[in-house]
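For reference, the structure is listed below as structure tokens.
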Amino acid sequence: MVTLDDSQGEPDWRRRRFLVATTSVVGAAAVAAVAGVMVDSLEPTAADAAAASTTVNLGPIEPGMQVTVPWQKKPVVIVNRTPAMLATLQETAAKGLLKDPKCEVPQQPPYCKNEYRASKPEWLVMVRICTHLCCIPHYRPKKASITPWWLGGFHCPCHGSMYDLSGRVIKGSPAPHNMAVPEYHYAKDGKTVTITKMYPKAHLC
Ligand code: FES
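Written out as structure tokens, the structure reads:
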């Protein structure tokens, strides 16, 4: 698991290169690597389904923090958003800063077609790939850390695309769309989230 607290000390993400050590992430693929014999005994369809999903323990992710985990060779960011962070989402929309404030482009499953782009407002689960040319945007939650009007979000270092804390792209960015939200579900106790598949209509970049 790669754990990043905020805008400080982010690693040098490389396009499409994503090296991760798993700790609390219980990726089915990792389990399969350890228990190869067991996987050999599975039907191919079951093994494929297991390898395609990743389960993440939400417990260590403090309010305001994020983790980025590998899923199907893509980085998925999970942010525990505070009430103050959620309040910025209405502000960015009210100020007319967003290209697609109501998420009309199907970059997320229907259950995430809302300003939070999530099934639980506090938790953002999103593929962290810029929709312009596939760079990995930096997490920049602090206000005014990018521009004086910046309310927090993601900033792509490649060509300057900006996104709010729901991954909605800001006007003037070269990125055409909001970042993609995958399909996911929570455990009954709410302690873990399992990322299952790409929403078929979503575009990465
Ligand atoms: S790849 Fe993100 S702005 Fe170009």
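Each residue of the sequence shown is one higher than the one before, counting from 5 in our numbering. Just so you know, even glycine gets a beta-carbon here, dropped at the ideal spot from N, CA and C. These numbers come from a predicted model, not from an experiment.
- Per DSSP, the continuous beta strand (DSSP E) segment holding Met-130 begins and ends at 127 to 131.
- Nearest Cα to Trp-127 within the set Gly-100, Tyr-203, Val-109 and His-189: His-189.
- Beta bridge pairing from DSSP links Gly-157 with Arg-144.
- Distances taken from the Cβ of Leu-137 to the heavy atoms of the ligand FES include one shorter than 7 Å.
- Contact between Arg-132 and Thr-200 is absent: CB atoms are separated by about 17 Å, not below the 8 Å threshold.
- The region 178 to 187 makes contact with the region 113 to 124, as at least three CB pairs between them are under 8 Å.
- In this chain, Thr-151 is not harboured by any beta strand (DSSP E), its DSSP state being neither H nor E.
- Of the other Cβ atoms in all chains shown, fewer than 16 fall within 10 Å of the Cβ of Trp-153; this residue is therefore exposed.
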